[in-house]
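Engineer: Quick one: structure below, then a few questions.
In the working numbering, the protein residues as written are 1 to 246.
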């Protein structure tokens with residue numbers, strides 16, 4: 001993959017000559033590359049190693065030694081955790097601009113979960129040496145990385161809260177709302193959640209597939225969502241949010 005394609009996730013604005021201005025501009029809360037000006041982005045792309053992953057191929061595996069992060073340049077990646085009795089729990093899906101490899105990106109740690117490609121994925125691997133180098137050379141990168149780690153922490157905190165206390169219907173609606181917010185699309189129109197199945201949703205909130213099917217059928221009858229075998233579209237996010245308060 002050429003670097004010009006990778007740069008599509010970046011903000012095309014020219015970098016400021018003053019470090020303080022760069023740091024203030026850095027930080028979109030989620031996408032580490034989008035926060036960077038051209039000079040910093042070029043530095044990151046030169047420092048990392050680009051790789052292509054085919055469908056179901058792992059970018060990293062749970063339990064293996066951690067070594068930095070993989071920034072997604074194109075495609076979709078899912079995070080999974082090995083549950084009890086060999087069952088797999090789907091934690092989240094990530095798109096172009098996100099990275100996988102958290103929470104530990106430096107130091108002697110092992111991955112807490114796995115990340116694998118859903119379809120073809122292109123990613124930029126920044127190992128620990130590369131991350132330390134970039135932190136030292138680019139204040140904008142350092143700030144963006146911190147904000148992205150905060151976003152990931154919030155996402156997994158939301159997942160934990162979703163699993164605690166609510167009924168299955170409430171947990172599912174809360175999860176769908178968060179997935180919509182993470183999709184970074186115009187909230188005034190239909191929001192595609194990409195490749196997601198009823199089995200995935202059931203594993204994410206700890207419910208049966210049958211209960212998920214019944215809840216989704218009700219939401220579809222109300223026109224709030226549209227579903228397919230491996231795809232879901234939220235037609236009315238405001239109405240979906242209202243399901244939580246009703």
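Heads up, the beta-carbon is just placed ideally off N, CA and C, and yes, glycines get one too.
Small disclaimer: the values here were computed from a predicted structure and weren't measured.
Roughly how many angstroms lie between the CA atoms of residue 68 and residue 101, to the nearest whole one?
Structural biologist: About 6 Å.
Engineer: With a floor of 3 residues, list each beta strand (DSSP E) that falls wholly inside the region 185-238, ordered by position along the chain.
Structural biologist: DSSP runs (the beta strand (DSSP E)) wholly in the region 185-238: 191-195, 225-227 and 231-234.
Engineer: Return the chain-ordered list of same chain residues with a C-beta closer than 7 Å to the C-beta of residue 51, the five sequence neighbours on each side being excluded.
Structural biologist: Taken in chain order, the residues that qualify are 123 and 125.
Engineer: Taking the alpha-carbon of residue 79 as reference, which of 65, 95 and 222 has the nearest alpha-carbon?
Structural biologist: Nearest of 65, 95 and 222 to residue 79, Cα basis: 95.
Engineer: Measure from the alpha carbon of residue 225 to the alpha carbon of each residue in 150, 235 and 154, then state which is nearest.
Structural biologist: The shortest Cα separation from residue 225 among 150, 235 and 154 belongs to 235.
Engineer: To the nearest angstrom, how far is the alpha carbon of residue 244 from that of residue 205?
Structural biologist: Going by the C-alpha atoms only, they are around 15 Å apart.
Engineer: In whole angstroms, what separates the C-alpha of residue 232 from that of residue 74?
Structural biologist: For residue 232 and residue 74, the distance between alpha carbons rounds to 20 Å.
Engineer: Count the other CB atoms, across all protein chains shown, that sit within 10 Å of the CB of residue 146; report buried if there are 16 or more and exposed otherwise.
Structural biologist: Classification for residue 146: exposed.
Engineer: I'd like to check one pair, residue 82 with residue 62: are the Cβ atoms closer than 9 Å?
Structural biologist: Yes, the Cβ-Cβ distance between residue 62 and residue 82 is below 9 Å.
Engineer: Exposed or buried, what is residue 218 when buried is set at 16 or more other beta-carbons lying within 10 Å of its beta-carbon?
Structural biologist: Exposed.
Engineer: At 3 residues or longer, what runs of the beta strand (DSSP E) sit wholly inside the region 38-94?
Structural biologist: Those beta strand (DSSP E) runs which fall completely within the region 38-94 and span 3+ residues are 49-53, 58-60, 69-82 and 88-94.
Engineer: Under 8 Å Cβ to Cβ from residue 131, same chain only, skipping five residues before and after it: list those, please.
Structural biologist: Closer than 8 Å at Cβ, skipping near neighbours: 68, 69, 105, 106 and 145.
Engineer: So, for residue 108: in the same chain, excluding its five sequence neighbours on each side, which residues have a beta-carbon less than 6 Å away from its beta-carbon?
Structural biologist: So the list is empty, once near-sequence residues are dropped.
Engineer: Applying the 10 Å Cβ sphere with the 16-neighbour rule, what's the burial state of residue 114?
Structural biologist: Buried is the call here.
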